[in-house]
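Heads up: the structure comes next, in structure tokens.
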Amino acid sequence: MNYSRFRSDGLAARILAATLAAVAPPALAASPAAEPLHLSEALELARAGNEISEIALARIERAEALRRQAMAQLVPSLTLSGTYTRRAREVTRTVDQDEVTVQALDAFSGQAVAETTLFDLRALPLIRAATSSLSAQRLESAELERALAFDVADTYFTVLSTERLRAAAERRMQVAEQMVEEVRLRLEAGLANRNDFTRSDLERATARLELTRAARDAEAARLALSFLIAAPADRPLVEPGALPEPAEGATELAARALGQRRELAALEERAEAARLSALAPRLGFVPTLDLRGLYRWTNEAGLSGREEDWNLGLTLTWSLFDGGDREALAALRSSEAREASLALAERRRRVALEVEQAAADLTAAGAALGQADTRLEAARQNAEEVRERYRAGLASALEQADAQVSEFEAEAELARVRFARALARLALERAIGGSPLATVEPLPLESSTP
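FYI, the numbering for the sequence shown is -14 to 435, going by this note's numbering.
This is the structure we're talking about:
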């Protein structure tokens, strides 16, 4: 079997696991007596323990803060201030035979200023843009968690696949050990030559090497799953039930993907936010109207004799010319809005392509599964016939070893293709914007134990 191809079969989680293996504890051995780990539970563990969920929430909180900041432009503000002044001497004056304190030795004063914008047309599109950005971030955060769920599902199936391959390698090792013992007995009885024993011993060494590689791959996959769910993955895995075939064709699936992929909805919101942001500077020529109210108190009445005072004021601001800053900012944001619209269009086309490719990969995986099943049946029959012929002295050890290798390769290929089809089905569901649990029914059909 070509293990190098299997290890590089589009599974980025294995690269991560290989890095973790250098610092991780020894093998994550699953205990057969432990409670099985279902795919649905693995998804819940990832949602609760993986940092991606908190990152998604933090991004939503940041977008909400930006929206509140945009709305603050139209919300009244109130500022309170107080002052205490200690002077070297007190200054008084006599006015109409009354002594008036002009400057007190200990002076206190305070004021309250309320300000609000009554009319600013630029604020409205900025608030709407912030609202669209918040909606986009909520969609993107949901998509981030959905991507995590599919990563967990992919790795879950990878663990099942690698452990199935390890089981096949263990069976090959057992048969190789048995074959060596048979050849040894035949050699002692004079019914075989030394070359037969050497060839069978070489097959045993090769089987041991393949078992070592399969065990390493299984351990790496377990480490990757443990990392994604942020919990030990040392329990037997339950192989999910049959994956239902999609009822629609590739064209219908692509249309469904365009309607339910959250990332596309998020890009639409981003494009709308960019369009509204570009509108704001173009409204800069419209006058703005502000209201300001002030209340003041002091213990220094002064010549006026009043300790309290207040006033209201309206300010009309009309910026007729700002040196071209508004036009430059509008042009900049318009280009950003155009880029966002083009990115949305490009992503729509790419999503349709992803769905069509995933559908084609699923069809090819189904055909490969049928071929692999037929190949394994033929290899098993051939291996059994060769073993019987070898026991009868009608076949050589070389023929028996070759038949054993062919049987193992066919069994390993069937396991790989079977789970490759499951991964292809997950990839299709991912492409159309679905959920991992929409494609599988966790049924306790078979537990995976190392």
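The beta-carbon is built from N, C-alpha and C at its ideal position, and this holds for glycine as well.
In this text the structure is predicted, and so the values were computed from the model without any measurement.
Contact check for A138 against L411 passes: the beta carbons are separated by less than 8 Å. Under DSSP, the beta-bridge partners assigned to T79 are E84. Distance from the CA of D181 to the CA of S381, rounded to the nearest whole angstrom, comes to 7 Å.
Our two residues, F135 and T147, have alpha carbons roughly 18 Å apart in a direct line.
Counting only unbroken stretches of 3 or more residues, the beta strand (DSSP E) elements lying wholly within the region 278 to 353 are 293 to 302, in sequence order. Between the alpha carbons of A215 and L30 lies a gap of roughly 7 Å. In this structure, F393 keeps its C-beta atom at 8 Å or more from the C-beta atom of L145. L170 and L196 have their alpha carbons spaced roughly 25 Å apart. For G419, the number of other beta carbons within 10 angstroms of its own is at least 16, and it is reported as buried.
Out of A400, A416, I417, L422, the CA that lies nearest to the CA of T143 is found in A400. The alpha-carbon of T300 is positioned some 6 Å away from that of L274. For the 8 Å CB-CB criterion, L111 and V271 do not form a contact. Straight across, the Cα-Cα distance linking G175 with M158 is about 25 Å. Within 10 angstroms of the beta-carbon of L65 lie fewer than 16 other beta-carbons, which makes it exposed. Distances from the CA of A33 to each of V402, L213, A349, L361 were compared; the closest alpha carbon is that of L213.
When DSSP reads this structure, S62 sits in a beta bridge with E100. Beta-bridge annotation (DSSP): A92 is paired with T70.
Considering only R281, R415, L383, the residue with the shortest C-alpha distance to R179 is L383. Around the CB of Q245, fewer than 16 other CB atoms lie within 10 Å, so the residue is classed as exposed.
Here E188 is not near Q342, since their CB atoms are 8 Å or more apart. Scanning the region 153 to 183 for uninterrupted beta strand (DSSP E) segments of 3 residues or longer gives nothing; none is fully contained. For A258, the enclosing alpha helix (DSSP H) has its first and last residue at 247 to 267.
Shown here, L379 sits in coil according to DSSP, grouped into three states, outside any helix or strand. The three-state secondary structure of L222, taken from DSSP, is strand. Between A108 and Q54, the C-beta spacing is not below 8 Å.
V340 sits close to A239, with the two beta carbons spaced by under 8 Å.
Closest in alpha carbon position to A416, among R334, Y69, E285, is R334. The criterion of a C-beta distance shorter than 8 Å is not satisfied by A251 and A322.
Comparing alpha carbon positions, the residue from A330, A132, T140 closest to A41 is A132. For T359, DSSP assigns no beta-bridge partner whatsoever. For E46, the uninterrupted alpha helix (DSSP H) segment begins and ends at 36 to 56. When the alpha-carbon of L329 is set against those of A368, A286, A258, R374, the nearest one is in A258. Linking A205 to S117 through their CA atoms gives a straight-line distance of about 42 Å. A contact is defined here as three or more CB-CB pairs under 8 Å, and the region 276 to 286 meets this definition with respect to the region 84 to 98. Contact between A357 and E398 holds: their C-beta atoms lie close to 5 Å from each other, under 8 Å. S211 has its alpha-carbon roughly 14 Å from the corresponding atom of H23.
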